[in-house]
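Undergrad:
Numbering (full-length UniProt numbering), first residue to last: 1 to 417.
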């Protein structure tokens with residue numbers, strides 16, 4: 001039985017409430033109590049963490065990452081040994097943790113072995129839900145077949161099916177294959193995208209009937225949810241009507257799509273950082289295809305406008321970045337972009353904690369600092385409600401605890417008592 005007391009910090013608990021000076025007592029991997037400094041005496045045995053002058057938040061959550069790739073390494077994968085990407089992933093996961101992100105939803109191309117490695121203590125990494133591989137139509141967003149006849153699509157291997165499927169029965173079988181491979185959530189490309197060679201973000205992919213089959217197959221597996229990469233308005237509306245749980249990107253939201261999302265309680269995961277990162281990468285690297293850079297530039301302003309409109313209407317927004325399109329560990333740049341789109345700092349933090357946990361179905365265990373919840377806790381040097389962009393600098397994330405275990409500590413040496 002391990003006791004840890006985090007004392008003297010200002011708590012931002014993830015509920016949207018005002019910051020309050022409180023101490024937090026952790027027993028093993030759960031929060032046992034929160035109270036005023038005079039209410040929680042230091043444990044006679046355990047660890048005391050002094051957060052004087054600092055801010056204590058729930059572990060942050062990114063609901064849209066790709067741990068097993070980084071965009072600017074894309075061309076390297078042709079020449080590198082296949083297994084090297086697993087070792088790179090170890091570094092990607094550590095950089096994610098060091099940024100204060102203790103939980104992620106991986107949206108494609110990370111297999112069950114990576115999650116097992118973290119759970120068994122073989123590698124440091126965030127808690128995760130996996131989608132294994134997105135489903136995509138032939139010639140759609142996940143199909144990297146080139147006019148030369150060369151297919152640059154993610155190769156399949158044991159534990160990583162090929163995600164391409166067309167028609168109701170193929171979709172049904174592919175959903176089952178992906179669930180068999182260990183998916184915690186299903187993902188579909190309901191529209192085209194920025195980084196695909198043969199489509200456009202507004203192109204609609206999959207019929208509403210095909211999307212309903214995915215939702216149905218997920219429901220058969222104890223309510224496994226489905227997320228949809230959906231950028232064009234018609235594809236977004238198809239996905240929402242079909243019962244999709246969350247819309248990823250949402251670039252071309254119209255009033256009807258927003259109304260449908262409100263009626264169905266659909267979550268929106270903006271990933272504002274994704275097109276910006278493609279633009280930035282294209283300016284410093286020749287590895288970014290011209291078609292991708294141009295599409296990113298074309299959608300960038302529209303994306304911000306759509307997210308602002310959805311926020312003002314009251315759509316539930318969960319933070320997600322598309323990390324992997326940008327460097328892992330730079331995820332929290334997304335928060336500044338959310339504020340730029342009109343979200344308040346309080347709602348931005350809430351989207352990165354409470355709402356993100358609820359989107360993942362883990363709201364009872366994560367996302368807020370409350371008694372009984374898992375001890376995912378970070379300590380920051382600055383107040384993110386005053387300037388959320390300070391979280392972009394990893395040096396401002398002084399302390400990270402996941403599941404009661406210290407993953408990063410840049411505070412003064414804890415005192416054993």
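Quick reminder that beta carbons are idealized off the backbone N, C-alpha and C, glycines included.
Check whether the segment 197-217 and the segment 230-248 are in contact - that is, three or more C-beta pairs closer than 8 Å.
TA: Yes, since at least three Cβ pairs between the segment 197-217 and the segment 230-248 fall closer than 8 Å, the two stretches touch.
Undergrad: Taking Cβ positions, are residue 63 and residue 269 nearer each other than 9 Å?
TA: Yes, they are a contact pair.
Undergrad: For residue 371, I'd like the list of residues in its chain whose CB is within less than 8 Å of its CB, leaving aside the five on either flank, ordered along the chain.
TA: Cβ within range, chain order: 31, 32, 33, 34.
Undergrad: Using three-state DSSP, classify residue 24 as helix, strand or coil.
TA: Residue 24: strand per DSSP, three-state reduction.
Undergrad: Are the beta-carbon atoms of residue 401 and residue 395 separated by less than 9 Å?
TA: No; because the gap between Cβ atoms is not below 9 Å, this pair is not in contact.
Undergrad: Pairs of beta-carbons, one from the segment 51-59 and one from the segment 377-385, closer than 8 Å: are there three or more?
TA: These segments touch.
Undergrad: Just how far apart, CA to CA, sit residue 352 and residue 79?
TA: Whole-angstrom Cα-Cα distance: 37 Å.
Undergrad: Could you check how far apart the C-beta atoms of residue 260 and residue 214 are, in whole angstroms? I think they sit under 8 Å.
TA: No, residue 260 and residue 214 are not in contact; Cβ-Cβ is about 18 Å, not under 8 Å.
Undergrad: Which residues bound the beta strand (DSSP E) around residue 398?
TA: Taken as a continuous stretch (DSSP letters only), the beta strand (DSSP E) holding residue 398 covers 397-402.
Undergrad: Take the Cβ of residue 222 as the centre, count every other Cβ of all protein chains shown within 10 Å, and call the residue buried at 16 or more, exposed below.
TA: Exposed is the call here.
Undergrad: Can you look up residue 8 in the DSSP assignment and give me helix, strand or coil?
TA: Residue 8 falls in the strand class under three-state DSSP.
Undergrad: State the Cα-Cα distance for the pair residue 247 and residue 295, rounded to the nearest angstrom.
TA: Straight-line Cα distance between these residues: approximately 20 Å.
Undergrad: What did DSSP end up calling residue 345 once you bin it into helix, strand or coil?
TA: It is helical.
Undergrad: Just how far apart, CA to CA, sit residue 391 and residue 290?
TA: C-alpha separation (whole angstroms): 32 Å.
Undergrad: Quick check: what's the CA-CA separation for residue 284 versus residue 109?
TA: For residue 284 and residue 109, the distance between alpha carbons rounds to 25 Å.
Undergrad: Which residue marks the beginning of the beta strand (DSSP E) containing residue 129, and which one marks its end?
TA: Residues 127-130.
Undergrad: Just to confirm my understanding: we take residue 292, look at its own chain, exclude 5 residues before and 5 after, and list those with CB closer than 7 Å. What are they?
TA: Hits under 7 Å: 194, 195, 278.
Undergrad: So if DSSP puts residue 189 in a beta bridge, which residue, or which two residues, is it bridged to?
TA: Looking at the DSSP assignment, residue 189 forms a beta bridge with 229.
Undergrad: Counting along the chain, where does the alpha helix (DSSP H) carrying residue 303 start and finish?
TA: Taken as a continuous stretch (DSSP letters only), the alpha helix (DSSP H) holding residue 303 covers 290-313.
Undergrad: Using 9 Å as the limit for Cβ to Cβ distance, is residue 106 near chain C?
TA: No chain C is part of this structure, which consists of one protein chain only.
Undergrad: Is it buried or exposed, residue 377, if we count other Cβ atoms within 10 angstroms and call 16 or more buried?
TA: Buried.
Undergrad: Quick one: is residue 82 buried, meaning 16 or more other Cβ sit within 10 Å of its Cβ, or exposed?
TA: Counting Cβ neighbours within 10 Å, residue 82 comes out exposed, since fewer than 16 surround it.
Undergrad: What residue range is occupied by the uninterrupted alpha helix (DSSP H) comprising residue 217?
TA: Its alpha helix (DSSP H) spans residues 208-220.
Undergrad: Would you call the segment 89-105 in contact with the segment 114-124, where contact means no fewer than 3 C-beta pairs closer than 8 Å?
TA: Taking 8 Å as the limit for Cβ pairs, the verdict is that the segment 114-124 does touch the segment 89-105.
Undergrad: As a quick exercise: from 409, 258, 369, 388, pick the residue whose alpha carbon is nearest that of residue 29.
TA: It is 369.
Undergrad: Residue 338 bridges to which residues according to DSSP?
TA: DSSP lists no partner for residue 338.
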